[in-house]
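Q: In UniProt numbering, the protein residues as written are 1 to 347.
Glycine included, every Cβ here is placed at the ideal spot set by N, Cα and C.
1) Relative to the alpha-carbon of residue 337, which residue among 104, 86 and 286 has its alpha-carbon at the smallest distance?
2) Would you call the CB atoms of residue 8 and residue 20 closer than 7 angstroms?
3) Please report the straight-line C-alpha distance between residue 279 and residue 312, rounded to a whole angstrom.
4) Starting from the Cα of residue 324, find the closest Cα among 114, 298, 111 and 220 and give me that residue.
5) Contact check, residue 163 vs residue 181 under 8 angstroms by CB: the rounded distance?
6) What's the call for residue 232, buried or exposed, on a 16-neighbour Cβ count within 10 Å?
7) Relative to the C-alpha of residue 52, which candidate in 89, 32 and 6 has its C-alpha closest?
8) Take the Cβ of residue 245 as the centre, count every other Cβ of all protein chains shown within 10 Å, and call the residue buried at 16 or more, exposed below.
9) Does the distance from the C-beta atom of residue 238 to that of residue 295 stay below 7 angstroms?
10) Along the chain, where does the beta strand (DSSP E) that runs through residue 98 open and close?
11) Taking C-alpha atoms, which residue in 290, 271, 314 and 317 lies nearest to residue 300?
12) Counting only the same chain and skipping the five closest in sequence on each side, list residues whose C-beta sits under 6 angstroms from that of residue 176.
13) Considering Cα atoms alone, identify which of 341, 284, 72 and 258 is closest to residue 169.
14) Can you tell me whether residue 158 sits near the ligand COA, meaning its C-beta is under 6 angstroms from at least one heavy atom of the ligand?
15) On a CA-only basis, which of 188, 322 and 144 is nearest residue 173? Give me that one, please.
16) With the cut-off set at 7 angstroms, would you say residue 101 and residue 130 are in Cβ contact?
17) Does DSSP put residue 309 in a helix, in a strand, or in coil?
18) Run through DSSP, which three-state label would residue 29 get?
19) Output yes or no for whether 7 angstroms exceeds the beta carbon distance between residue 94 and residue 139.
20) To the nearest angstrom, how far is the alpha carbon of residue 147 from that of residue 209?
21) For residue 98, count neighbouring C-beta atoms within 10 Å of its own C-beta (all shown protein chains included) and say buried if the count is 16 or more, exposed if not.
22) Quick check on the DSSP output: what are the complete beta strand (DSSP E) runs of length 3 or more inside the segment 196-265, in order along the chain?
23) Quick one: Cα of residue 68 to Cα of residue 269, how far?
24) Could you tell me which of 178, 194 and 241 sits nearest to residue 206, measuring between CA atoms?
25) Are the beta-carbon atoms of residue 91 and residue 45 separated by less than 7 angstroms?
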């Protein structure tokens with residue numbers, strides 16, 4: 001029999017203390033009244049989790065549009081936590097590190113996984129350098145790429161690490177592959193209650209969690225079937241993928257980002273991968289209207305202008321080659337470090 005959202009596992013700990021439901025509610029009130037700024041959202045979430053409602057409000061990240069509030073079934077969140085536990089072989093008593101903001105689904109789910117699976121959870125401020133003052137070892141942690149980048153020197157203290165919220169670039173992937181830590185890039189969204197698939201760094205294909213299956217729609221975009229965690233049972237995405245089977249896929253890019261230049265369709269994410277390691281700043285591929293081509297390819301680079309060497313573009317097809325370089329002082333981004341392409345260009 002699966003646990004419900006009313007259960008607190010008897011091995012659950014928060015910052016070293018065994019806490020049951022009543023204890024957690026007392027801690028929540030304390031966080032709200034007297035806690036540090038990052039602890040107040042934790043208190044608010046815990047009170048919402050243990051109230052009489054069977055659902056809870058979630059704020060989407062806003063990476064593909066304006067952030068919006070959606071309601072998510074609490075039992076679906078429990079089911080998601082159980083699926084993560086099965087996929088990553090998490091056991092009661094395993095030590096976990098929570099360093100993500102609880103404002104968003106990924107941070108909320110680290111708390112729920114710990115409560116439901118009986119993890120020994122250490123909660124720290126969700127900074128870009130979360131492990132700077134930590135000497136303990138952990139069995140499981142979740143980070144965004146920026147946090148992982150700034151924690152490379154200490155990641156060997158983590159046995160299994162999941163990284164989500166934004167793509168892991170090639171340079172970071174090479175660093176992560178050199179660690180003894182098992183590092184996984186995750187795929188998911190708020191509507192699927194965080195990740196529904198993961199892949200070990202260095203691999204191409206994502207593999208779905210238990211009780212999730214996949215299909216295409218007529219655009220070749222991914223359709224996720226997960227009746228245990230999705231109220232409508234399916235989510236139709238705008239992500240173009242190569243489907244290996246109903247449990248594995250290779251991510252290609254977002255259909256919203258496709259550039260039609262002179263009748264040739266160009267996938268920005270694929271061009272960006274070809275440029276990985278050749279530009280030592282953040283960048284992305286975008287487009288603007290062009291009288292001749294319809295759309296022309298732009299390379300958008302963060303920071304002060306500089307000359308980009310010709311050899312940078314080696315390996316790109318002629319249609320993929322940027323026709324113009326745009327420098328932006330500072331990229332717009334979500335709290336988890338995902339670049340907001342449209343908002344950045346509008347600057």
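A: Inspection of the coordinates gives the following:
1) One-based indexing of the chain shown puts residue 337 at position 337. Of the candidates 104, 86 and 286, the one whose C-alpha sits nearest the C-alpha of residue 337 is 104.
2) Within the chain shown, the letter at position 8 stands for residue 8. Within the chain shown, the letter at position 20 stands for residue 20. Annotated as proximal: residue 8 and residue 20, with beta-carbon spacing under 7 angstroms.
3) Position 279 of the chain shown, counted from the first residue, corresponds to residue 279. Position 312 of the chain shown, counted from the first residue, corresponds to residue 312. So the alpha carbons of these two residues sit roughly 8 angstroms apart.
4) The residue you call residue 324 lines up with position 324 of the chain shown. Minimum Cα distance to residue 324 is reached at 298.
5) For the purposes of this step, residue 163 is taken as residue 163 along the chain shown, with counting starting at 1. For the purposes of this step, residue 181 is taken as residue 181 along the chain shown, with counting starting at 1. Not confirmed; about 11 angstroms, so no contact.
6) Against the chain shown, residue 232 aligns to sequence position 232. Looking at its Cβ environment, which holds fewer than 16 other Cβ atoms inside 10 Å, residue 232 is exposed.
7) Within the chain shown, residue 52 is the residue found at index 52, counting from 1. Nearest C-alpha to residue 52: 6.
8) Stepping through the chain shown from its first residue, residue 245 is reached at position 245. With fewer than 16 other Cβ atoms within 10 Å, it is exposed.
9) Within the chain shown, the letter at position 238 stands for residue 238. Within the chain shown, the letter at position 295 stands for residue 295. It is not a contact, given that the beta carbons lie outside the stated cut-off.
10) As a position in the chain shown, residue 98 is number 98, starting the count at 1. Note, residue 98: beta strand (DSSP E), 95-98.
11) If you number the chain shown from 1, residue 300 lands on position 300. The candidate whose alpha carbon is nearest that of residue 300 is 271.
12) Here residue 176 refers to the residue found at position 176 when the chain shown is read from its first residue. Answer for residue 176: 183 and 201, listed in chain order.
13) The residue labelled residue 169 in the question sits at position 169 within the chain shown. That would be 284, whose Cα lies nearest to the Cα of residue 169.
14) Absence of the ligand COA is noted for the structure shown, with no ligands found whatsoever.
15) Stepping through the chain shown from its first residue, residue 173 is reached at position 173. Closest option to residue 173, Cα to Cα, is 144.
16) For the purposes of this step, residue 101 is taken as the residue at position 101 of the chain shown. For the purposes of this step, residue 130 is taken as the residue at position 130 of the chain shown. It is not a contact, given that the beta carbons lie outside the stated cut-off.
17) To locate residue 309, count along the chain shown from 1; it is residue 309. Three-state DSSP puts residue 309 in coil, outside helix and strand.
18) Mapped onto the chain shown, residue 29 falls at position 29. It is helical.
19) For the purposes of this step, residue 94 is identified with residue 94 of the chain shown, where counting begins at 1. For the purposes of this step, residue 139 is identified with residue 139 of the chain shown, where counting begins at 1. Yes, the pair counts as a contact, with Cβ atoms nearer than the cut-off.
20) Counted from its first residue, the chain shown places residue 147 at position 147. Counted from its first residue, the chain shown places residue 209 at position 209. Near 24 angstroms, if we compare the C-alpha coordinates of residue 209 and residue 147.
21) Taking the first residue of the chain shown as 1, we reach residue 98 at position 98. The residue in question, residue 98, is buried, as its Cβ has 16 or more Cβ neighbours within 10 Å.
22) 206-208, 213-216, 221-225, 234-245, 248-254 and 259-261
23) The residue you call residue 68 lines up with position 68 of the chain shown. The residue you call residue 269 lines up with position 269 of the chain shown. Going from the Cα of residue 68 to the Cα of residue 269 covers about 25 angstroms.
24) Along the chain shown, read from residue 1 onward, the residue named residue 206 stands at position 206. The candidate whose alpha carbon is nearest that of residue 206 is 241.
25) Against the chain shown, residue 91 aligns to sequence position 91. Against the chain shown, residue 45 aligns to sequence position 45. Their beta carbons are not under 7 angstroms apart, which means residue 91 does not touch residue 45 by this criterion.
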